[in-house]
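Worksheet for the structure shown next.
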Amino acid sequence: KAGVTQTPRYLIKTRGQQVTLSCSPISGHRSVSWYQQTPGQGLQFLFEYFSETQRNKGNFPGRFSGRQFSNSRSEMNVSTLELGDSALYLCASSPRESGSGANVLTFGAGSRLTVL
Amino acid sequence: GENVEQHPSTLSVQEGDSAVIKCTYSDSASNYFPWYKQELGKRPQLIIDIRSNVGEKKDQRIAVTLNKTAKHFSLHITETQPEDSAVYFCAASSRNQGGKLIFGQGTELSVKP
Chain L
74 KAGVTQTPRY LIKTRGQQVT LSCSPISGHR SVSWYQQTPG QGLQFLFEYF
124 SETQRNKGNF PGRFSGRQFS NSRSEMNVST LELGDSALYL CASSPRESGS
174 GANVLTFGAG SRLTVL
Chain V
9 GENVEQHPST LSVQEGDSAV IKCTYSDSAS NYFPWYKQEL GKRPQLIIDI
59 RSNVGEKKDQ RIAVTLNKTA KHFSLHITET QPEDSAVYFC AASSRNQGGK
109 LIFGQGTELS VKP
């Protein structure tokens, strides 16, 4: 059974540009959550999608957005990149919506974004 | 919203010793508490979890305890081995907040042979 796949694994952008990251969940998993990981800040929750609908949202500015497709694949977009957006972006999938109970997440390897 | 505090941020132990990592949470409605291990350059992986209706859970050398009254939970690793070296994250989720997992800041555990 394939795991959670994230693309691209590494990317470099400059300030002001935008970026789109992709996440393919485990087959059969319908929930996709996104986290930003930076040294010292741990894992910061961005948002969760289930059945193509955003179900939860973290405390990030509107420059961070996402969507989910009918096949459960998800993308997140960051517009007008800032230096502080440099981070590892992790996506995680789960068979159920987080609000339904214990939300066991399986993480992807992440997309490491560097903003110059 | 939910806030999870994790201590210590770094922990160094000798091989064979025990290690304890502690977390506190703010939302009394939190009902699910997983622990993730992230080895250097790898993805976080679930190692153990506990639900609010249980006070303790063990899996071989690792155990988690939960004190709902004090709103804190702890990870205990006994007979530590060098391969236990990693960053450990605690997390909590509350149905009041849609069940999203909120993570602590992480503890970097170093086991010296």
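Chains as they are written, first to last, in the numbering used here: chain L, 74 to 189; chain V, 9 to 121.
Heads up, the beta-carbon is just placed ideally off N, CA and C, and yes, glycines get one too.
Mind reading off the beta-carbon distance from residue i to residue j? Whole number of angstroms is fine, and I expect it under 8 Å.
i: residue 161 (chain L); j: residue 117 (chain L); result: So it is not a contact: roughly 11 Å between Cβ atoms.
i: residue 85 (chain L); j: residue 179 (chain L); result: With 8 Å as the limit, residue 85 (chain L) and residue 179 (chain L) do not qualify as a contact, their Cβ atoms being about 27 Å apart.
i: residue 95 (chain L); j: residue 128 (chain L); result: Contact flag wrong, Cβ pair sits at about 19 Å.
i: residue 79 (chain L); j: residue 184 (chain L); result: 5 Å
i: residue 104 (chain L); j: residue 167 (chain L); result: 4 Å
i: residue 79 (chain V); j: residue 36 (chain V); result: 6 Å
i: residue 93 (chain V); j: residue 39 (chain V); result: 31 Å between Cβ atoms; not a contact.
i: residue 108 (chain L); j: residue 182 (chain L); result: With 8 Å as the limit, residue 108 (chain L) and residue 182 (chain L) do not qualify as a contact, their Cβ atoms being about 13 Å apart.
i: residue 116 (chain V); j: residue 17 (chain V); result: 7 Å
Any beta carbon of chain V sitting closer than 7 Å to that of residue i?
i: residue 115 (chain L); result: yes
i: residue 125 (chain L); result: no
i: residue 160 (chain L); result: no
i: residue 133 (chain L); result: no
i: residue 182 (chain L); result: yes
i: residue 155 (chain L); result: no
i: residue 121 (chain L); result: yes
Say whether chain L places a C-beta atom closer than 7 Å to the C-beta of residue i.
i: residue 24 (chain V); result: no
i: residue 52 (chain V); result: yes
Starting from the beta carbon of residue i, find every residue of chain L whose beta carbon is closer than 8 Å, and list them in chain order.
i: residue 107 (chain V); result: 129, 170, 171, 172, 173, 174, 176
i: residue 59 (chain V); result: 175
Counting only the same chain and skipping the five closest in sequence on each side, list residues whose C-beta sits under 6 Å from that of residue i.
i: residue 2 (chain V); result: This structure cannot settle anything about residue 2 (chain V), because the visible part of chain V is limited to 9 through 121.
i: residue 42 (chain V); result: 54, 57, 99
i: residue 189 (chain L); result: 87
i: residue 2 (chain V); result: This structure gives no information on residue 2 (chain V), because the portion of chain V shown stretches from 9 to 121.
i: residue 176 (chain L); result: 167
With a threshold of 8 Å on Cβ separation, who are the neighbours of residue i within its own chain once the five nearest residues in sequence on each side are excluded?
i: residue 137 (chain L); result: 119, 120, 149, 150, 151
i: residue 60 (chain V); result: 38, 39, 40, 41, 74, 76
i: residue 62 (chain V); result: 74
i: residue 76 (chain L); result: 99, 179, 181
Starting from residue i, find everything on chain L with Cβ-Cβ shorter than 7 Å and list it in chain order.
i: residue 112 (chain V); result: 115
i: residue 101 (chain V); result: 171, 176
i: residue 97 (chain V); result: 115, 116
i: residue 35 (chain V); result: Residues of chain L passing the Cβ test: none, with the nearest at roughly 14 Å.
Apart from the five residues on each side of it in sequence, which residues of its chain come closer than 7 Å, Cβ to Cβ, to residue i?
i: residue 90 (chain L); result: 154
Q: Could you tell me whether the segment 98-115 of chain V touches the segment 15-34 of chain V, where touching means 3 or more Cβ pairs closer than 8 Å?
A: yes
(Q) Check whether the segment 80-89 of chain V and the segment 62-71 of chain V touch, using three or more Cβ-Cβ pairs below 8 Å as the test. (A) yes
Q. Do the segment 147-160 of chain L and the segment 37-56 of chain V make contact, defined as three or more Cβ pairs closer than 8 Å?
A. no
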